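Numbering follows my numbering, in which position 116 of the sequence shown is assigned residue number 120; successive positions increment by one, without gaps. Backbone N, C-alpha and C define an ideal beta-carbon position, used for all residues, glycine too. What you are looking at is a predicted structure, and each value in this text was computed from that prediction instead of being measured. Following: one structure in structure tokens, then a few remarks.
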Amino acid sequence: MIKIAVLPGDGIGQEIVQEAVKVLRVLPLSFDMQEAPVGGTAYDLTGHPLPQSTIDLAQNSQAILFGAVGDWKYDTLDRPLRPEQAILGLRKHFGLFANFRPAICYPELVGASSLKPEIVSGLDILIIRELTGDIYFGQPRGKRIASDGHFPGSEEAFDTMRYSVPEIERIAHVAFQAAQKRSKRVTSVDKSNVLETFQLWRDVLTCVGKSYPEVSLDHMYVDNAAMQLVKEPKKFDVVVTGNMFGDILSDEASMLTGSIGMLPSASLNKDNFGLYEPSHGSAPDIAGKGIANPLATILSAAMMLRFSLNQAQAASLVEKAVQHVLSNGLRTADIYSEGTQKVSTSEMGDAVAKALKTLV
Ligand code: NAD
Numbered sequence: 005m006i007k008i009a010v011l012p013g014d015g016i017g018q019e020i021v022q023e024a025v026k027v028l029r030v031l032p033l034s035f036d037m038q039e040a041p042v043g044g045t046a047y048d049l050t051g052h053p054l055p056q057s058t059i060d061l062a063q064n065s066q067a068i069l070f071g072a073v074g075d076w077k078y079d080t081l082d083r084p085l086r087p088e089q090a091i092l093g094l095r096k097h098f099g100l101f102a103n104f105r106p107a108i109c110y111p112e113l114v115g116a117s118s119l120k121p122e123i124v125s126g127l128d129i130l131i132i133r134e135l136t137g138d139i140y141f142g143q144p145r146g147k148r149i150a151s152d153g154h155f156p157g158s159e160e161a162f163d164t165m166r167y168s169v170p171e172i173e174r175i176a177h178v179a180f181q182a183a184q185k186r187s188k189r190v191t192s193v194d195k196s197n198v199l200e201t202f203q204l205w206r207d208v209l210t211c212v213g214k215s216y217p218e219v220s221l222d223h224m225y226v227d228n229a230a231m232q233l234v235k236e237p238k239k240f241d242v243v244v245t246g247n248m249f250g251d252i253l254s255d256e257a258s259m260l261t262g263s264i265g266m267l268p269s270a271s272l273n274k275d276n277f278g279l280y281e282p283s284h285g286s287a288p289d290i291a292g293k294g295i296a297n298p299l300a301t302i303l304s305a306a307m308m309l310r311f312s313l314n315q316a317q318a319a320s321l322v323e324k325a326v327q328h329v330l331s332n333g334l335r336t337a338d339i340y341s342e343g344t345q346k347v348s349t350s351e352m353g354d355a356v357a358k359a360l361k362t363l364v
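So this is what it looks like as structure tokens:
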């Protein structure tokens, strides 16, 4: 029995996770999938975005299938109670330091990208983002404001950017090992011309790279990487970077593939325990309308089968089923173009499940 903690979260989370669960149920595998609240949904129910009972469920499972968290209605809460703290809390609790974000442009979606077809056609890059360090977790951090709520000039806010050598070393090894299975090229993205943290990053990457002589390593400043990603994205293969730069660059890369609704992700710890979620957020603007694209979540479930559950064959079948549905011309609104058939979130899930049934 494969135990999975299912955490749908907020906004479109419930709608898209439901479709991934539907697809997993088609596989000839025995799943015990239990659901728990997280994010704003959990805050409304329990007063905390990451209740202990949700952590316990995840702890007793082999993997986490996650939807998304967040809604603007929680923006006035104290930061530790905001929905987004749940995902940061899970990353920290389980030591999920390695975030894999593949950006693949499916041939059928070449026209859905905002870039010219010749720039994105055949694109297949892997962004590896460090997930538990950097400015998102660095201490001290704080905000000093005047008690009357005005900002006359002396107030300040600050966050601390920080990485240690072991933190950089372990993500570097992940990147070089991933590159060994691909085209043996790593681009490390940093800002070492300005930031000490990223001078250390560059030095450590260079040093770890010496243990992987068959993998070529080049370094690129983040501002240049942001530009090159839209100018000539196919020159990248494996991109490794810190938490904040990776957050931004992977969203940029998502648009190369046509829609952020297509981009899966895996966040792994040293034991390959992982949290699997789409790269996008809870999309409150389209929640409840039945139009969200569930493919990023379904593809995240495929990554879960491959990375944490040792079911590589089942993972490939799910990916094939997705490709089959796209070849048949089915599209949710975000990837729709003339001549294709517009379907709802659940119709897309049904179609993938049906295609998978013919493959298993
Ligand atoms: P978002 O990713 O939720 O949405 C950005 C845009 O993409 C929106 O127009 C949305 O409609 C569209 N979109 C996203 N997913 C889609 C899908 N599956 N199908 C079709 N269209 C899709 O980002 P945002 O609007 O900046 O943030 C909304 C909330 O999500 C915020 O509260 C934010 O903090 C949160 N968030 C959560 C996570 C997470 O749970 N890991 C990640 C990013 C943002």
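Please work out which residues of its chain come closer than 7 Å, Cβ to Cβ, to methionine 37, disregarding the five sequence neighbours upstream and downstream, and give them in chain order.
-> Ile8, Val10 and Val25
Could you say which of Ala46, Gln63 and Trp76 lies nearest to proline 55 if we only look at CA atoms?
-> Ala46
Does DSSP put serine 331 in a helix, a strand or coil?
-> helix
With DSSP as the reference, label phenylalanine 277 as helix, strand or coil.
-> coil
Please confirm whether aspartate 194 and tyrosine 216 have their CB atoms less than 8 Å apart.
-> no
Within 7 Å: the Cβ of asparagine 297 and any heavy atom of ligand 1?
-> yes
Start-to-end residues for the beta strand (DSSP E) that takes in phenylalanine 141 = It is not in any beta strand (DSSP E) - phenylalanine 141 carries neither H nor E in the DSSP assignment.
Between the C-alpha atoms of lysine 235 and alanine 305, what's the straight-line distance to the nearest angstrom?
-> Rounded to whole angstroms, lysine 235 to alanine 305 spans 31 Å at the Cα level.
Whose C-alpha, out of Val244, Gln143 and Gln66, is nearest the C-alpha of aspartate 222?
-> Val244
Taking DSSP as the reference, what is the three-state secondary structure of tyrosine 225?
-> strand
Which whole runs of the beta strand (DSSP E) in the stretch 174-240 are 3 residues long or more, in chain order?
-> With a minimum length of 3 residues, the continuous beta strand (DSSP E) runs that stay inside the stretch 174-240 are 189-194 and 220-225.
Use the C-beta contact count for arginine 335: other C-beta atoms within 10 angstroms, 16 or more gives buried, fewer gives exposed.
-> buried
Candidates Lys293, Gly292, Tyr280 and Gln181: closest to methionine 307 by CA position | Tyr280
Where glycine 343 falls: helix, strand or coil (DSSP) | Looking at glycine 343 - three-state DSSP - the assignment turns out to be coil, as it is neither helix nor strand.
If we count the other Cβ atoms within 10 Å of its Cβ and call it buried at 16 or more, is cysteine 211 buried or exposed?
-> With fewer than 16 other Cβ atoms within 10 Å, it is exposed.
Under three-state DSSP, which class holds alanine 62?
-> helix
Measure how close the beta-carbons of serine 271 and arginine 86 come, nearest whole angstrom, since I'm counting them as under 8 Å.
-> Their Cβ separation, rounded to whole angstroms, is 19 Å, which puts serine 271 and arginine 86 out of contact at 8 Å.
Contact under 8 Å by Cβ, phenylalanine 104 with leucine 130 = yes
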